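In my numbering, the protein residues as written are 427 to 992.
By construction, the Cβ of each residue, glycine as well, lies at the ideal position given by its N, Cα and C atoms.
Every value quoted in this text rests on a predicted model; they were computed, and no experiment measured them.
Heads up, the thing below is written out as structure tokens.
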């Protein structure tokens, strides 16, 4: 079985016999706080109509009645990523056939992925064996001590450099820490590129638009790049020394928080392509790799009707269906999402969260561990499978005299979709096991009954070319057009929270010696009770763990969220 949560590690785990306790095993030898405390956060098991309990069959009937009386394009479908199981996507098959409008976009990694698509065509993971082979590790805008704990055993004996705007736990445990200004990583990548060009250390210039990239690099003076990035010359020299020796570069969401930051990912890629990092057995560059790469996707749809997630105008829709997401907490543009109260709102999910509480209909899903499923990872090269382990566990408990949990009043995504197919005469869905076999019928090596390895990663990623149309690497061709601001907002993951799940930290952290312009803004826009003072936070930064409070203020347009004050 596996951890279904949307984080880097994609842990392999098992359920202790006869106990509600999850234990780690295999490729990931220990668990994070969230999974260790998984069963302390009860799911909602009862369907609801305007906040009042009703039977599951009643809520399903009400939902189909709404859909049959609504123009399909006026139904907005929104799906979150709180659960990474691929079977959760089966609902898309119904809503595409029905003709709903899909809200398409990312609240997380979309900005960075946009830059990587421009350079490489596709964002791939670095397989674990390459990380193990590396001499040096550069962790750039990632905090694995909180978000990626199973990386730590792989790098414990290596020289590690951490680049970040905040002095995180990872920074404190690294051999060398470089603190950059917020959203200035682009300038550091360009500075290092300039150093490579000036010293004739460029190994590869055969990508598309190298001369345009070179022109961008020399459009800045060295001193300008140092000032804009916030590093000093000694730090830049040390970092350059390490990258010319060779390293694995692990970037994270910290490089891609602003609207222009797709260019940061693009600039970092361009730097390391010049230094010949791609397709190597002991070097490479990774962001959040595609978890579905290398496996079949039977739920892929064309999105006949779609709209960018952060361009949604709720006035254009009569019905909103939300699966596994909590827009009232997790999405920017929150003032717009508050209009959900005015819509026919249906929430299909596990928790009775803030958005579910304002829904007309709440349809409870089965627990992750009550379903069969498959998942990949955007950190490692393994594919994990899930059986209905909770059902087995509860049967064992029941044989000793305890009562069942009443899970029959919840419905899995597959069961829900099958019901809708039947109600609308869309024919028969394939059997659940058939979809799972279809997913696993890929180029996989079976490790054991629950673990497969993607054979595509037996070779280094990009060793046979890139995923651009011409199969070539594309160098950066766009200037970073973003002015430095009086103060910046930095959002980060919290060790005990995931999106809006588990134990949220709603506080806003600032330095007590911050400038008046920032202090005045915070006091005007943030509840005073939530302001915490921390001398370790830079004076021009508003630091928040998650978006519970700050998403009230942040705005975005297009498919991808960005986290800056407009």
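> Is DSSP giving residue 812 helix, strand or coil here?
Replying inline: To locate residue 812, count along the chain shown from 1; it is residue 386. Judged by DSSP in its simplified three-state form, residue 812 adopts strand.
> Taking one C-beta from the stretch 663 to 681 and one from the stretch 866 to 882 each time, how about it: are there three or more such pairs within less than 8 Å?
Replying inline: no
> Using a Cβ-Cβ cut-off of 8 Å (strictly less than) and excluding sequence neighbours within five positions of residue 767, which residues of its own chain qualify?
Replying inline: Counted from its first residue, the chain shown places residue 767 at position 341. Cβ neighbours of residue 767 beyond the five flanking positions: 784.
> Apart from the five residues on each side of it in sequence, which residues of its chain come closer than 7 Å, Cβ to Cβ, to residue 893?
Replying inline: Locating residue 893 in the chain shown gives position 467, where the first residue counts as 1. Correct list, in chain order: 546, 547, 548.
> Grouping DSSP H, G and I as helix and E and B as strand, with all else coil, what is residue 824?
Replying inline: Reading the chain shown from its first residue, position 398 is the one you call residue 824. Note on residue 824: pLDDT 39, under 50, position unreliable in the model; the coordinate value appears next. Helix, per DSSP.
> Taking C-alpha atoms, which residue in 964, 696, 670, 946 lies nearest to residue 632?
Replying inline: Along the chain shown, one-based indexing puts residue 632 at 206. When each option's Cα is compared against that of residue 632, the closest is 696.
> Is it buried or exposed for residue 709, if we count other Cβ within 10 angstroms and need 16 for buried?
Replying inline: In the chain shown, the residue the question calls residue 709 occupies position 283. Its Cβ being crowded by 16 or more others within 10 Å, residue 709 is buried.
>> Using only the alpha-carbon positions, how far apart do residue 836 and residue 776 sit?
In response: In the chain shown, the residue the question calls residue 836 occupies position 410. In the chain shown, the residue the question calls residue 776 occupies position 350. Taking the straight line from one Cα to the other gives about 9 Å.
> In whole angstroms, what separates the C-alpha of residue 541 from that of residue 609?
Replying inline: The residue given as residue 541 occupies position 115 in the chain shown. The residue given as residue 609 occupies position 183 in the chain shown. The straight-line gap from Cα to Cα measures roughly 14 Å.
>> As a quick exercise: from 983, 811, 509, pick the residue whose alpha carbon is nearest that of residue 872.
In response: Position 446 of the chain shown, counting from 1, holds the residue named residue 872. Minimum Cα distance to residue 872 is reached at 811.
> For the stretch 849 to 880, which segments carrying the beta strand (DSSP E) assignment without a break, of at least 3 residues, lie completely within its bounds, in sequence order?
Replying inline: 870 to 874, 877 to 880
>> Could you check whether residue 719 and residue 802 sit closer than 9 Å to each other, using their CB atoms as the reference points?
In response: As a first step, residue 802 is located in the chain shown; it is residue number 376 there, counting from the start. As a first step, residue 719 is located in the chain shown; it is residue number 293 there, counting from the start. Cβ distance < 9 Å, so residue 802 and residue 719 count as in contact.
> How would you label residue 938, buried or exposed, when you count the other beta carbons within 10 angstroms and need 16 or more for buried?
Replying inline: Position 512 of the chain shown holds residue 938. Exposed is the label assigned to residue 938, since fewer than 16 other Cβ atoms lie within 10 Å of its Cβ.
>> If you measure between the beta carbons of residue 886 and residue 706, is that distance less than 9 Å?
In response: Residue mapping note: residue 886 aligns to position 460 of the chain shown, counting from 1. Residue mapping note: residue 706 aligns to position 280 of the chain shown, counting from 1. In this structure, residue 706 lies closer than 9 Å to residue 886 by Cβ.
>> If distances are taken between C-alpha atoms only, which option among 778, 563, 762, 471 comes closest to residue 978?
In response: Stepping through the chain shown from its first residue, residue 978 is reached at position 552. Measuring from the Cα of residue 978, the nearest candidate turns out to be 762.
> Nearest CA to the CA of residue 531: which residue from 664, 758, 934?
Replying inline: Here the question's residue 531 lines up with position 105 in the chain shown. Considering only alpha carbons, the answer is 758.
> Can at least three beta-carbon pairs, one atom from the stretch 572 to 583 and one from the stretch 657 to 665, be found at a separation below 8 Å?
Replying inline: With the cut-off at 8 Å, the stretch 572 to 583 and the stretch 657 to 665 do not touch.
> Mind pulling the alpha helix (DSSP H) runs of 4 or more residues that sit fully within the stretch 928 to 954?
Replying inline: Counting whole runs of 4 or more residues, the stretch 928 to 954 contains the alpha helix (DSSP H) stretches 942 to 951.
> Expressed to the nearest angstrom, what Euclidean distance is found between the alpha-carbon atoms of residue 903 and residue 623?
Replying inline: Taking the chain shown and counting its residues from 1, one reaches residue 903 at position 477. Taking the chain shown and counting its residues from 1, one reaches residue 623 at position 197. One C-alpha to the other measures close to 16 Å.
>> Among the candidates 807, 794, 512, whose CA atom is the shortest distance from the CA of residue 814?
In response: In the chain shown, residue 814 corresponds to position 388, counting from 1. Comparing Cα-Cα distances from residue 814 to each of 807, 794, 512, the minimum goes to 794.
>> Could you compute how far the alpha carbon of residue 561 sits from the alpha carbon of residue 515?
In response: Locating residue 561 in the chain shown gives position 135, counting from the first residue. Locating residue 515 in the chain shown gives position 89, counting from the first residue. Between the C-alpha atoms of residue 561 and residue 515 there is a straight-line separation of about 39 Å.
>> Only counting the same chain, and skipping five residues up and downstream in sequence, which positions put a Cβ closer than 8 Å to that of residue 729?
In response: Translated into positions along the chain shown, residue 729 becomes position 303. Within the same chain, residue 729 has close Cβ partners 522, 528, 530.
>> As a quick exercise: from 526, 473, 433, 700, pick the residue whose alpha carbon is nearest that of residue 511.
In response: Position 85 of the chain shown holds residue 511. Cα-wise, what sits closest to residue 511 is 433.
> With distances taken from CA atoms, which of 688, 620, 927 is nearest residue 663?
Replying inline: Here the question's residue 663 lines up with position 237 in the chain shown. Taking only the C-alpha atoms, the option nearest residue 663 is 620.
> Which full runs of the alpha helix (DSSP H) of 4+ residues lie inside the stretch 621 to 648, going along the chain?
Replying inline: With a minimum length of 4 residues, the continuous alpha helix (DSSP H) runs that stay inside the stretch 621 to 648 are 636 to 643.
> Roughly how many whole angstroms lie between the Cα atoms of residue 526 and residue 518?
Replying inline: Here residue 526 corresponds to residue number 100 of the chain shown, with the count starting at 1. Here residue 518 corresponds to residue number 92 of the chain shown, with the count starting at 1. One C-alpha to the other measures close to 10 Å.
> Going by DSSP, which residues form a beta bridge with residue 653?
Replying inline: The residue labelled residue 653 in the question sits at position 227 within the chain shown. In the DSSP output, where bridge partners are listed per residue, residue 653 has none listed.
>> I need the boundaries of the beta strand (DSSP E) containing residue 787, first residue and last residue.
In response: If you number the chain shown from 1, residue 787 lands on position 361. 787 to 790 is the span of the beta strand (DSSP E), which, as asked, contains residue 787.
>> What does the alpha-carbon distance come out to for the pair residue 867 and residue 805?
In response: As a working mapping, residue 867 is identified with position 441 in the chain shown. As a working mapping, residue 805 is identified with position 379 in the chain shown. When rounded, the distance between both Cα atoms is 21 Å.
>> What does the alpha-carbon distance come out to for the pair residue 643 and residue 616?
In response: The residue you call residue 643 lines up with position 217 of the chain shown. The residue you call residue 616 lines up with position 190 of the chain shown. The straight-line gap from Cα to Cα measures roughly 6 Å.
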